[in-house]
Amino acid sequence: MKLKGTEILLKALEEEKVDIIFGYPGGAVLDIYDQIYKSNLRHILVRHEQGAVHAADGYARATGKVGVCLVTSGPGATNAVTGVATANMDSIPLVVFTGQVPTGLIGNDAFQECDITGITRPCTKHNFLVRNIEELAATIKEAFHIARSGRPGPVLVDLPKNVMAAQTEYDPGNVRIRNHEVLYKPAPKKMANLQTMLQEAKRPLIMTGGGVILSRAAEELTDLARKYRIPVTGTLMGLGSFPGSDPLWLGMLGMHGTYYANMAVSHCDLLLAVGVRFDDRVTGSIETFAPEAKIVHIDIDPSSINKNVTVDLPIIGDAKSALTDLLRFLEEHHYEPDGAPRQAWLSEIDEWREKVPLTYCRNEEVIKPQFVIQTLHRLTGGDALITTEVGQNQMWTAQFFSFDRPNTFISSGGLGTMGFGLPAAIGVKCAFPDRQVVDIAGDGSIQMNIQELATAAQYNIAVKVVLLNNGYLGMVRQWQELFYEKRYSQTDMTYAPDFVRLAEAFGVVGLRATKPGEVEEVLRQGLAAHKPVLMDFRVSREECVYPMVHPGESISQMALGTREMIN
Amino acid sequence: MEKKDHIISILVYNKPDVLARIAGTLGGKGYNIDSLCVNTTTQNDISKIVMTTIGSQATINRIVNELQKLVDVISADDLTNVESIHREMVLVRLNLTPANTEAVRKAIDANRWKVIVSGDTFAMIEITGDKTQIDFALARMEPLGVTDITRTGLVALKLDD
Ligand SMILES: Cc1ncc(C[n+]2csc(CCOP(=O)(O)OP(=O)(O)O)c2C)c(N)n1
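In structure tokens, the structure reads:
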């Protein structure tokens, strides 16, 4: 039986077990929307295409499945680009469908035409322009395959209007396995090397990253660390891949890492880095990064190896297979960590931890943003899916909300996209309607996609926004305070809407706390509501995120705020 | 690390935008392509791209890794240290005037240059060889009155698999 392009699309989505898509209609996708109208596919109508992509992204990060969205041609597609680039930087599997003008008009500057495959080539894992109906089914199948295989990433599929109106037999065929899919090959020799390195190391350290979460290897990583008593630090993207409540956990490393994590990296003699890419925010000055360590790097992407940091032992492959292999190898070869030196190393770390714990100056008069996050953690028992915006709110969340499980900290790490948190939270809540989903936000970021409160209200997607409202573009202000002698150029956001009334105007519950004593009550009320809620916490305006490694410096050199600089 | 010329041979699926992807990947990461040659292989749906670039071995490894990540790239190999044959071709148009005709004819004979066409006012010459041979021939022709040239990128083929 012949099917129309639009029918093929819906059938293909069904075969991929897509249960929800996020989107926004327009001229070029009218036919597709008509097909959606006739189908059972759950579609969430966002209020801006960037929101659609972030929502699909949040859904993907929380579930590990491919997130899907649909937008129209031209401005719909360009509005989606920030979302696509965000997912690309963090290797998140998405399939983004864009409408396109009919193939006969492509290249003519037709109404709402834009070369979206050209625009997104550098910020997708791959993209397709489907030129004829015969390719459609196979292309969609391949798009999903590419998005989730190897190092995942967003795939954009551009759908010209006439292709979607044409008819053909449905035949997705088989997806060919492409060259770029690095398959993990067990390498006993490398495992033996690694065991020797572990045996020789007196001060080993594991550094876990987003790749561990993407490959669902948190359990193996946790086993490895606990079994052999190796302390663990992590990148922003790695939060949740090792339990934050475990004594072996040192917190995040890097620019706003903990003192003890950065000291441990700077003094370790073996760094086992898994699923990380050694971003400059993590390494500080490369020359002084982990200066005493041999570095082992497990990563699925060969182009990540030796890119920023030269490593001693590269292991290419997905983290789960590699760690499973390593665990088995160590077990079979009866690896035992040397007790005394290991104990000395852990004690040394504990001394750093005691010397400069992760903390802040409490205040009875003004709400401290860190206090809000700690209270949120206490009230939820840590059992919540947390998204963040970008800036101080993101860093304080990373520091003060302890994540015990993977896929629960959802944040734009690589691109650092303000406006990510709210739509991402909507996507997460759609996947987990019974769990508490909270966007920890700043007042600048929340205004970038505030329109998505309407989406939350329309479908009663009960996300909770914890707004750390400091009336500044806080993180930029912090840099101006520290490096530009407090010239607060264009960062004062005192002129802002009344967020409580704004929330109410959107049909969302609005709550406010202005005193520390009100924080708990507002959080309790907000968390208990079965509706979307925005909680406006008026926090200490000029609070800074510490520790802080100044850009370009060694991560062993941290500014600690009110405390003096400690080396 | 020492920088030198490298030859990278890339097999790709013959898709409309595959060259744009390759050029974009390299350009976007700040790598320069010095010469480029593209055509189909014996299989119509597969093309071979040979490009040359300058860089340290580490840079070249990175380029090869980036290329191999592209979905439409089947393979990318650094041929620099592999036994392989290299050729370039150049077409040269020489200006013929009563004053230089004799000198041009002599040079053509002496160097066994291949004349493809010639008229009263010009001669078109084709030279195929490796980079040194072509540089050498061009240097010879220069004083005779070169009006234009087109030079291909380098093509290279491994001696064995
Ligand atoms: C889309 C976008 N524009 C600009 C920036 C640069 N930027 C990074 S943090 C920041 C300030 C964020 O302010 P706010 O959301 O109020 O959060 P705070 O730092 O105060 O917690 C800015 C402007 C960005 N990351 N993303």
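If you're matching them up, the sequences are chains A and B in order.
According to the numbering used here, the first sequence is numbered sequentially starting from 4.
According to the numbering used here, the second sequence is numbered sequentially starting from 342.
Virtual Cβ for every residue (Gly too), placed ideally from N, Cα, C.
On a predicted model such as this, the values are computed, not experimentally measured, just so you know.
- Best match in A:Thr291, A:Leu6, A:Ile449 for proximity to Lys470 (chain A) [C-alpha to C-alpha]: One point to set straight first is that residue 470 (chain A) is Leu, not Lys, in the sequence displayed. Ranking the options by Cα distance to Leu470 (chain A), first place goes to A:Ile449.
- Quick one: which chain A residues come within Cβ less than 9 Å of Lys499 (chain B)? Within chain A, no residue comes near Lys499 (chain B); the closest Cβ sits about 18 Å away, beyond 9 Å.
- Who are the near neighbours of Asn570 (chain A) in its chain, counting only those whose CB is closer than 6 Å to its CB and skipping five residues on each side? Annotation note: pLDDT 36 at Asn570 (chain A) (below 50); position unreliable, coordinate value reported separately. Correct list: empty, nothing qualifies.
- Integer Cβ distance of Val133 (chain A) from Pro163 (chain A), believed to fall under 8 Å: 7 Å
- Task: Determine the contact status of Gln528 (chain A) and Val536 (chain A), defining contact as a CB-CB distance below 9 Å.
- Result: yes
- DSSP three-state assignment for Ala322 (chain A), whether helix, strand or coil: helix
- Run the CB neighbour count on Val542 (chain A), radius 10 Å, all protein chains shown included, and call it buried at 16 or more, exposed below. buried
- Tell me which same chain residues have a C-beta within less than 6 Å of the C-beta of Gly257 (chain A), skipping the five on either side of it? Arg284, Val285
- At 7 Å on the CB atoms, spell out the chain B contacts of Pro125 (chain A), in chain order. Gly365, Gly369
- Please state whether DSSP places Tyr3 (chain A) in a helix, a strand or coil. Residue 3 (chain A) is absent from the model: chain A starts at 4 and stops at 570.
- Task: For Gln397 (chain A), collect the residues of the same chain with a Cβ closer than 7 Å to its Cβ; drop the 5 residues on either side in sequence, then sort them by chain order.
- Result: Thr391, Ser414
- Message: Considering only their Cβ atoms, is the gap separating Leu159 (chain A) from Pro207 (chain A) smaller than 9 Å?
- Response: no
- State yes or no: is the C-beta of Leu360 (chain B) within less than 9 Å of the C-beta of Thr382 (chain B)? no
- Message: Tell me whether Gly422 (chain A), by its Cβ, gets closer than 8 Å to a heavy atom of ligand 1.
- Response: yes
- Message: For chain B, check one thing: does any of its Cβ atoms lie closer than 9 Å to the Cβ of His129 (chain A)?
- Response: yes
- Ile390 (chain B), buried or exposed, once every other Cβ within 10 Å from all chains shown has been counted against 16: buried
- Candidates A:Ala499, A:Leu514, A:Met451: which alpha carbon is nearest Lys467 (chain A)'s? A:Leu514
- Task: Would you mind telling me which residues of chain A sit closer than 7 Å to Asn406 (chain B), beta carbon to beta carbon, in chain order?
- Result: Pro305, Ser306
- Just confirm the distance between the C-beta atoms of His57 (chain A) and Thr89 (chain A), as a whole number of angstroms; I'd bet it's less than 8 Å. 7 Å
- Would Pro305 (chain A) pass as a contact of Ile319 (chain A) if the rule is Cβ separation under 9 Å? yes
- Query: What do you reckon, are the CB atoms on Leu2 (chain A) and Leu227 (chain A) nearer than 9 Å?
  - Reply: With chain A covering 4 to 570 only, the question about residue 2 (chain A) has no answer from this structure.
- Between the Cα of Thr420 (chain A) and those of A:Gly86, A:Glu290, A:Leu563, spot the shortest distance and give me the residue it belongs to. A:Gly86
- Task: Check the Cβ of Ile149 (chain A) against every Cβ in chain B and list those closer than 7 Å, keeping chain order.
- Result: Val412
- 7 Å Cβ cut-off: residues of chain B touching Lys310 (chain A): Arg403
- Determine contact between the segment 430-448 of chain A and the segment 53-71 of chain A, defined as no fewer than three beta-carbon pairs at a distance below 8 Å. yes
- Could you name each continuous beta strand (DSSP E) segment of 3 residues or more that falls completely within the segment 45-84 of chain A, going from the start of the chain to the end? 45-48, 70-74
- Message: Is Ile449 (chain A) close to ligand 1? I mean its beta-carbon at under 8 Å from any heavy atom of the ligand.
- Response: yes
- Which residue comes first and which comes last in the alpha helix (DSSP H) that contains Ala140 (chain A)? 136-151
- Going by the beta-carbon positions, is the gap between Ala293 (chain A) and Leu224 (chain A) smaller than 9 Å? no
- Item | Three CB pairs or more closer than 8 Å across the segment 403-421 of chain B and the segment 464-473 of chain B | no
- Query: What whole-angstrom Cβ distance do Gly486 (chain B) and Asn452 (chain B) have, given they're in contact under 8 Å?
  - Reply: Actually they do not touch by this definition, with Cβ atoms about 15 Å apart.
- Starting from Thr120 (chain A), find everything on chain B with Cβ-Cβ shorter than 8 Å and list it in chain order. Asp358
- Can you grab the Cα-Cα spacing for the pair Val74 (chain A) / Ser244 (chain A), in whole Å? 33 Å
- Does the Cβ of Asn452 (chain A) have 16 or more other Cβ atoms within 10 Å, making it buried, or fewer, making it exposed? buried
- Can you round the beta-carbon distance between Thr261 (chain A) and Leu361 (chain A) to whole angstroms, since I take them to be within the 8 Å contact cut? 5 Å
- Task: With a threshold of 16 other CB atoms inside 10 Å of the CB of Arg45 (chain A), please say whether the residue is buried or exposed.
- Result: exposed
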